[in-house]
């Protein structure tokens with residue numbers, strides 16, 4: 001069978017699909033850590049063959065729940081009293097179930113406040129070390145039998161992050177830190193923590209209402225602009241990644257709620273168990289890589305790809321992974337046109353055909369980048385669902401944050417007032433250029449000016 005033939009492609013797809021279904025069954029049967037890894041795989045759109053991503057994505061919304069009696073037992077053990085003494089009402093069924101925990105709606109007996117109570121599945125903590133050892137063994141076997149498929153990075157990342165995700169006190173501290181860090185965004189809501197009812201396995205927090213961010217019917221019913229929601233997401237994550245270097249790494253739709261506020265949409269950010277803290281070196285390299293992508297600076301793309309551990313021609317594949325676009329679109333300008341269905345299909349076919357090469361690159365890049373890839377793909381999935389994927393204005397916020405990160409770092413290294421003046425002037429010029437481009441895009445949306453300048457698909 002010829003590798004380039006349709007028959008070979010069909011056979012390869014069938015093998016991937018069978019393997020994906022078996023992996024899904026393995027995750028569901030074993031639960032806990034296995035579901036967490038399955039969710040990670042299901043988020044890696046454009047990185048792994050479509051069959052795996054499509055099949056395992058169901059785990060984001062259909063993780064199995066623990067029975068109520070076992071959840072109440074965890075509450076008794078961790079809170080040191082009967083749940084009925086703490087809560088006047090506690091929902092029989094969870095309002096959300098994930099790989100490591102589930103969330104119930106409850107009412108505090110003392111104050112009457114409605115709260116959300118996150119409770120860890122009883123068996124997860126005890127089984128986690130055995131599950132991780134089993135997973136490492138399986139990944140090692142795969143690496144020996146199929147050396148071209150390097151998946152050790154997946155096992156290593158899960159092993160490193162799992163203890164943090166299993167500690168709800170750590171998650172509560174993350175929650176408080178993020179609420180302080182982004183308090184300047186009036187449209188962002190992060191739940192407040194009830195510390196007296198929070199332990200390593202139980203977290204009690206403010207109940208935040210809203211619909212899932214990708215629920216287009218909910219957005220339409222409540223008069224919420226999908227464009228505004230997408231802009232808020234872009235603004236939040238651009239500042240997280242490029243400016244603060246502190247990134248929420250699980251932005252699937254169940255963790256992002258939205259409701260109509262008095263001044264537009266209010267975005268609710270939930271589930272703060274998994275964060276990655278970027279080093280300044282990585283944050284600046286990544287910002288420069290994105291600036292090169294937006295500016296179509298192919299020489300700088302190769303330079304920053306090499307700086308991040310991916311040398312030579314492989315930097316082109318890295319650029320495609322980072323941007324979620326084809327190399328052809330990158331050379332033409334990813335800020336100039338939205339991604340088409342044909343381009344999306346092309347990227348997925350490339351990922352399927354070059355799975356081993358992509359796995360090799362994932363083993364080369366800094367470990368911080370792996371969670372960024374997952375985050376990027378989850379956000380792209382939301383944008384695609386909202387119909388805002390690839391809009392030029394999304395690159396404007398990102399460009400501003402990248403420019404801010406790069407020039408703020410340069411200012412730190414200035415030893416004279418002249419250096420600070422020159423850096424400040426270059427930063428102002430760069431931001432002014434972005435503003436000019438933003439104005440140009442706005443003008444093209446005006447009927448008269450748009451006809452004078454010609455049609456556009458940039459907005």
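Numbering (the UniProt record's numbering), first residue to last: 1 to 459. Glycine residues also receive a C-beta, built at the ideal position from the N, C-alpha and C atoms.
{"query": "Stretch pair the segment 113-120 + the segment 63-80: three plus CB contacts closer than 8 Å", "result": "yes"}
{"query": "Cα-Cα separation between residue 219 and residue 377, rounded to whole angstroms", "result": "22 Å"}
{"query": "Buried versus exposed, by CB contacts within 10 Å (16 or more), residue 67", "result": "exposed"}
{"query": "Close Cβ partners of residue 18 (< 8 Å) along its chain, the five nearest in sequence each way excluded", "result": "none"}
{"query": "Residue 82 in three-state terms, based on DSSP", "result": "coil"}
{"query": "Check: residue 375 C-beta below 7 Å from any heavy atom of the ligand NAP", "result": "Absence of the ligand NAP from the depicted structure is noted, as is the absence of any ligand whatsoever, leaving it without description."}
{"query": "Integer Cβ distance of residue 65 from residue 94, believed to fall under 8 Å", "result": "5 Å"}
{"query": "Spatial neighbours of residue 49 in its chain, beta-carbon cut-off 7 Å, leaving aside the 5 residues before and after", "result": "16, 351, 352, 355"}
{"query": "Exposed unless 16 or more other CB atoms sit within 10 angstroms - verdict on residue 63", "result": "buried"}
{"query": "Residue 120 - DSSP class collapsed to helix/strand/coil", "result": "strand"}
{"query": "Residue 477 classed as buried or exposed, judged by whether at least 16 other C-beta atoms fall within 10 angstroms", "result": "The first residue shown for the chain is 1 and the last is 459, placing residue 477 beyond what the model contains."}
{"query": "Sequence-distant residues of its chain with Cβ nearer than 6 Å to residue 298 (five each side left out)", "result": "none"}
{"query": "Selected residue, minimal CA-CA separation from residue 239, among 34, 398, 261", "result": "398"}
{"query": "Min CB distance residue 354 to chain C below 8 Å", "result": "In the displayed structure, chain C is absent; only one protein chain is listed."}
{"query": "Reduced DSSP category for residue 193 - H, G, I as helix; E, B as strand; rest coil", "result": "strand"}
{"query": "Beta carbon of residue 89 nearer than 8 Å to that of residue 106", "result": "yes"}
{"query": "Spatial neighbours of residue 213 in its chain, beta-carbon cut-off 7 Å, leaving aside the 5 residues before and after", "result": "229, 253, 256, 257, 258, 382"}
{"query": "The segment 258-275 in contact with the segment 172-191 per 3-pair CB rule at 8 Å", "result": "yes"}
{"query": "Straight-line Cα distance separating residue 249 from residue 210", "result": "21 Å"}
{"query": "contact_flag[the segment 404-419, the segment 307-317] where n(CB pairs < 8 Å) is 3 or more", "result": "no"}
{"query": "Residue ranges of each alpha helix (DSSP H) within the segment 278-304, 4 or longer", "result": "280-295"}
{"query": "Residue 109 and residue 85 closer than 8 Å at C-beta", "result": "yes"}
{"query": "C-alpha gap between residue 79 and residue 330, whole angstroms", "result": "54 Å"}
{"query": "Beta-bridge partners of residue 96, as assigned by DSSP", "result": "103"}
{"query": "Which of helix, strand or coil DSSP assigns to residue 253", "result": "helix"}
{"query": "With 16 other Cβ atoms within 10 Å as the buried cut-off, status of residue 6", "result": "exposed"}
{"query": "DSSP-derived helix/strand/coil call for residue 264", "result": "strand"}
{"query": "8 Å Cβ shell around residue 280 - same chain, five flanking residues per side excluded", "result": "245, 409"}
{"query": "Beta-carbon spacing of residue 233, residue 379 below 8 Å", "result": "yes"}
{"query": "8 Å contact criterion, which residue 326 and residue 343 should meet: CB distance rounded", "result": "5 Å"}
{"query": "Endpoints, alpha helix (DSSP H) assigned at residue 88", "result": "Counting along the chain, residue 88 falls outside any alpha helix (DSSP H), though it belongs to the beta strand (DSSP E) covering 87-90."}
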